[in-house]
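Before any comments, here is the structure.
Protein chains: 2
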Amino acid sequence: MIHFDYSHARSFIPADEMKQLAQPVFRAHEMLHKKTGPGNDFLGWVDWPMTYDVAEFDRIKQAAARIQAHSDVLLVIGIGGSYLGTKAALDFLNHSFYNLLPASKRNTPEIHFVGNNISPVYLAHLTDVLEGKRVSINVISKSGTTVEPAIAFRLFRDWLEQKIGREAARERIYVTTDKSRGALRKLADEEGYETFVIPDDIGGRYSVLTPVGLLPIAVSGIDIDALMQGALDARMEYLVPDIQENVCYQYAATRNLLYNNGKQVELMVSYEPRFRSFAEWWKQLFGESEGKEGKGIFPALAEFSADLHSMGQYIQDGQRLLFETVITVKSPALDVNIQPDVADSDGLNFLAGKSMDYVNKKAYEGTMLAHVDGGVPNLIVEIPEATAYHLGSLFYFFEKACGISGYLLGVNPFDQPGVEAYKANMLALLGKPGYELQKAELEVRLRAK
Amino acid sequence: MIHFDYSHARSFIPADEMKQLAQPVFRAHEMLHKKTGPGNDFLGWVDWPMTYDVAEFDRIKQAAARIQAHSDVLLVIGIGGSYLGTKAALDFLNHSFYNLLPASKRNTPEIHFVGNNISPVYLAHLTDVLEGKRVSINVISKSGTTVEPAIAFRLFRDWLEQKIGREAARERIYVTTDKSRGALRKLADEEGYETFVIPDDIGGRYSVLTPVGLLPIAVSGIDIDALMQGALDARMEYLVPDIQENVCYQYAATRNLLYNNGKQVELMVSYEPRFRSFAEWWKQLFGESEGKEGKGIFPALAEFSADLHSMGQYIQDGQRLLFETVITVKSPALDVNIQPDVADSDGLNFLAGKSMDYVNKKAYEGTMLAHVDGGVPNLIVEIPEATAYHLGSLFYFFEKACGISGYLLGVNPFDQPGVEAYKANMLALLGKPGYELQKAELEVRLRAK
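Chains as they are written, first to last, in the UniProt record's numbering: chain D, 1 to 449; chain S, 1 to 449.
Structure representation (structure tokens):
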């Protein structure tokens, strides 16, 4: 399973502090499992790998097979939690150039995201690559009124209906939404779209293993049974309340200790470009869960070795506010050997016969020690292989660590009150009925400078 | 030209502090232009838009036309400054799905990067998409011995020679390197590759407007004359030493004042997915220039509105260590209107007839005011349009602001001593001759935990 190593952070934490966290960690564990803490109506994810609806899961697989059979492209319309988890899984497990492969090699539809921004340029460009292709849509929104996905769905539903007619479009639109309420549920029922349910007790950033993520992930050909099995086994492994035995809780505790000792920014690092989107998912998970009441570690990411040549100087010598969490894989999916060169013009013949993975691992080890020497604690999260099973475990590992970590920090890790401020301003400025006074106030401020 | 507005940061800076910076800014200006400050042997970029080699520039355009004519793919081999600036320009100006467009629509080669990581998976996957295509290579390295690009060049040079023979490969390999020294220069001269020069007095992160960036940028069809003209006009505009008139210096000063007043993290924000890579270039520019001696703002990026649904909560309510610098474009390249919907099931008919760009701008205005209210100062950098000309200006604006900013901070903005630490460790662990003792020491530490 997942191996966690905080030995390269120990010297940054007073020796007795870890021990002193045993009790708070135990209390956080109890709050999660007895549902007695803040946000306790959003704990559906804790037992989800065991309690999910098996009939719906089968229906997801059937829908995925249908989409694969009749589509060149799947458009996934969603934002935040309805986007980042899926993107994380697709990038983590699929071919690095998935959409660029010939269809005959890929055997599954291209997958594009939309409704995750308001850029007219992106939208117009996206329609260019859809030209002449058979498109299916999976729109994901609890309410159906979140501005970004709602605009995108309005546009692409219209686009699809104009291409193939309203009747045929009904067979190409798949809706993931609330089980009974909201604008999107109402529309889906009226039109007869096939629907999947976003559980009431699972927030967006915890939803990747629900239909939110599972349908598009399955369309790409990933084994969602293995994904859920990995999460199920992780759930079992991280049930033990004792921090000495629970590496998930050790991660939660360690990052809080580092935070209490002045480390305000956590960099999720990997040496595989495919893992970057996983770090984006992790940024939402922790940033949105903990960034409140003026508190919380600022989550950022780095992709090494690329970013060693851009952010490496800062990490080594800049403000000492960083720590790193490195995601590493024991066995790579593929490897390539470095060949000898007769002229040895680049002086790299000392690497001849070695594999790229060997070089990548030595870069990781050397970097970790250099950064630790520079005052940057390193936490290591290692998985055996980059498979669907281990990704399922990783999702669960970080979800649970986040719940524990938020409780240790003293916040409600399952709400997001701060995201309303900009939404209200935006709707007011856009002239939504009912916001007239706020609109006038904001416009005065914008003119005043 | 570029419009800079710090009115939404003023309340975070004591009133007299900006005035007190007039003299230090003037001194920094003098250090840059009289070359009297630290790092003064790396100031070639200051006058580069005026002093670059016109004959070489023409040769770049000819080489680009040749590559366009005989290649389906250009492989760009480089890392750090030999990668991020090019990527920034390609993404900023080209089609959002450039590589995915049919060749007949794109009319220029696919462009892929390699040598910017050590991932065997990425490398193996890249060879999959090269299958059956005519490939040219532009390898970019001052020394030719930086491990990542050197390994990639070794592999793909061999790959190309096996495909088309050593003789034909000579016509497909373009080398950007030192004018006279180094392993890559030597090899290029021996093999007769066409070469372009990385100037001695311009560091990697300042090199995008040299052949380092210009060749691959030109291959993608971008007008590099316009790019250089934008930089040239920016050079002229930001020659004035008075901070009252020089918005480039105002940006440099404001971010230092925010830093001195407790803002330790700068988020470069945009509302266009195409600008993300520009922010990655900016991260290297500022992070590597200022992150030293335990000092420097930590640079990070956000792509709105996507990241409002992930990092929005943190920005609004988390630790108050952030400020934002928003890059915005007055007129979008393309726009899309929102249509009315008879049923108005999503309740968005109040937006009918409005354009996406209008909605995007209101999201930006509303978000800015919400974040300012939440304690996050906002700086605004606005360009009229996302054209090559304005991108050239932006590159120069930030390069010069970075030089001024680094001098205000009291560091040498043109060196990067911290990147040696991990490199030495890596080479030692890889068994490079001469590192035997260091290797033994590191291995003891790795075993010890």
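Glycine is no exception: its CB is placed at the ideal position from the N, C-alpha and C atoms.
Just so it is clear, the structure is predicted and the values come from calculations on it, not from any experiment.
Task: Proximity test, Cβ basis, 8 Å: His29/D and chain S - done: No, His29/D lies away from the interface with chain S (no Cβ there is under 8 Å from its Cβ).
- [ ] Could you list which residues in chain S have their beta carbon closer than 8 Å to that of Gly374/D, in chain order?
- [x] Gly418 and Ala421
Open item on the list: For a minimum of 4 consecutive residues, which ranges assigned as the alpha helix (DSSP H) are wholly contained in the stretch 106 to 155 of chain S?
Closed with: 120 to 130
TODO: Check Leu334/D in the structure and name its three-state DSSP category.
DONE: coil
Open item on the list: Give me, in chain order, the residues of the same chain whose beta-carbon lies closer than 6 Å to that of Ala234/S; leave out the 5 immediate sequence neighbours on both sides.
Closed with: Ser393, Tyr396 and Phe397
Open item on the list: When you compare the CB positions of Val129/S and Leu100/D, do they come within less than 8 Å of one another, or not?
Closed with: yes
TODO: Using a Cβ cut-off of 8 Å (strictly closer), state whether Val208/S contacts chain D.
DONE: no
Open item on the list: For the alpha helix (DSSP H) containing Asn425/S, name the first residue and the last one.
Closed with: Here the alpha helix (DSSP H) through Asn425/S covers Val419 to Leu429.
- [ ] Answer yes if the stretch 57 to 77 of chain S comes into contact with the stretch 105 to 118 of chain S, meaning at least three C-beta pairs across the two stretches below 8 Å, and no otherwise.
- [x] Taking a contact to require three or more Cβ pairs closer than 8 Å, the stretch 105 to 118 of chain S and the stretch 57 to 77 of chain S qualify as touching.
- [ ] Sort out for me which residues DSSP pairs Thr195/S with in a bridge.
- [x] DSSP, once it has assigned bridges, lists Val175/S as partnering Thr195/S.
Open item on the list: Quick check on Glu237/D: does DSSP put it in helix, strand or coil?
Closed with: helix
- [ ] With a cut-off of 8 Å on the beta carbons, I'd call Leu379/S and Ala9/S a contact; round off their distance for me.
- [x] Contact flag correct, Cβ pair sits at about 6 Å.
- [ ] Please go through the same chain and pick out, in chain order, the residues whose beta-carbon is closer than 6 Å to the beta-carbon of Val139/S, but skip the five residues on each side of it.
- [x] Ile77, Phe153 and Val175
Task: Listed by chain order, chain S residues near Asp317/D by CB distance under 8 Å - done: Gly291, Lys292, Glu293, Gly294, Pro417 and Gly418
Open item on the list: Taking 8 Å as the threshold (beta carbon to beta carbon), is Val145/D in contact with chain S?
Closed with: Checking the sequence, you will find Thr at residue 145/D rather than Val. Chain S, which has a Cβ nearer than 8 Å to the Cβ of Thr145/D, makes this yes.
Task: Ordered list of beta strand (DSSP E) runs contained in the stretch 230 to 291 of chain S, each at least 3 residues - done: 265 to 270
Task: Residues, ordered as in the chain, of the stretch 337 to 356 of chain S that lie near chain D by beta-carbon distance below 8 Å - done: If you check each beta-carbon in the stretch 337 to 356 of chain S against every beta-carbon of chain D, the ones closer than 8 Å belong to Ile338, Gln339, Asp341, Ala343, Ser345, Asp346, Gly347, Leu348, Phe350, Leu351, Lys354, Ser355 and Met356.
- [ ] Note the first and the last residue of the continuous alpha helix (DSSP H) segment covering Thr293/D.
- [x] The sequence shown places Glu at residue 293/D, not Thr. That residue, Glu293/D, is in no alpha helix (DSSP H); it is neither H nor E in DSSP.
- [ ] Please report the residue range of the beta strand (DSSP E) in which Asn378/S lies.
- [x] Its beta strand (DSSP E) spans residues Asn378 to Glu385.
- [ ] Can you tell me which of Phe278/S, Thr254/S, Ser305/S and Lys295/S puts its alpha carbon nearest to the alpha carbon of Asp5/S?
- [x] For the residues Phe278/S, Thr254/S, Ser305/S and Lys295/S, the minimum Cα distance to Asp5/S belongs to Thr254/S.
Open item on the list: If the cut-off is 9 Å on Cβ atoms, which residues from the stretch 263 to 294 of chain D count as contacting chain S, listed in chain order?
Closed with: Gln264, Val265, Tyr271, Glu272, Pro273, Arg274, Glu280, Trp281, Lys283, Gln284, Leu285, Phe286, Gly287, Glu288, Ser289, Glu290, Gly291, Lys292, Glu293 and Gly294
Task: Gln313/S at chain D interface by Cβ criterion, 8 Å - done: yes
Open item on the list: Quick check: Gly203/S and Phe414/S, are their CB atoms within less than 8 Å of each other?
Closed with: yes
Task: Proximal chain S residues relative to Lys186/D, where beta-carbon distance stays under 9 Å - done: Ser345
Open item on the list: Given this structure, state the Cα-to-Cα distance separating Arg276/D from Arg181/S, to the nearest angstrom.
Closed with: 36 Å
TODO: Could you tell me whether any Cβ in chain D is nearer than 8 Å to the Cβ of Arg445/S?
DONE: yes
Open item on the list: For the ligand GDP, I want to know if Gln62/D counts as a neighbour, meaning its beta carbon is within less than 7 Å of at least one of the ligand's heavy atoms.
Closed with: The ligand GDP is not part of this structure, which contains no ligands at all.
Task: Collapsed DSSP secondary structure at Asp5/D in the structure displayed - done: The three-state secondary structure of Asp5/D, taken from DSSP, is strand.
Task: Lys19/S versus Leu267/S, Pro49/S, Ile327/S and Asp242/S, residue with shortest Cα-Cα distance - done: Asp242/S
Open item on the list: 8 Å is my cut-off, CB to CB: does Phe92/S come that close to chain D?
Closed with: It does not; no Cβ of chain D falls within 8 Å.
Task: CB of residue 507/S within 8 Å of CB of Gln316/D, strictly - done: An answer regarding residue 507/S cannot be provided, because it is not within the stretch 1 to 449 covered by chain S.
Open item on the list: Looking at the secondary structure, which residues open and close the alpha helix (DSSP H) in which Leu90/D lies?
Closed with: Residues Leu84 to Leu93.
Open item on the list: Going by DSSP, what residue range makes up the alpha helix (DSSP H) through Ala217/S?
Closed with: According to the sequence as given, residue 217/S is Ile; it is not Ala. Segment Pro211 to Val219, the alpha helix (DSSP H) holding Ile217/S.
TODO: Leaving aside the five residues before and after His3/S along the sequence, list all residues of the same chain whose C-beta is less than 6 Å from its C-beta, in chain order.
DONE: If we look at His3/S and ignore the five residues flanking it on each side, its Cβ neighbours are Glu382.
Task: Assumed close pair Leu123/D, Met356/S - CB separation to whole angstroms, cut-off 8 Å - done: 6 Å
Task: 8 Å Cβ shell around Asp341/S - same chain, five flanking residues per side excluded - done: Leu348, Asn349 and Ala352
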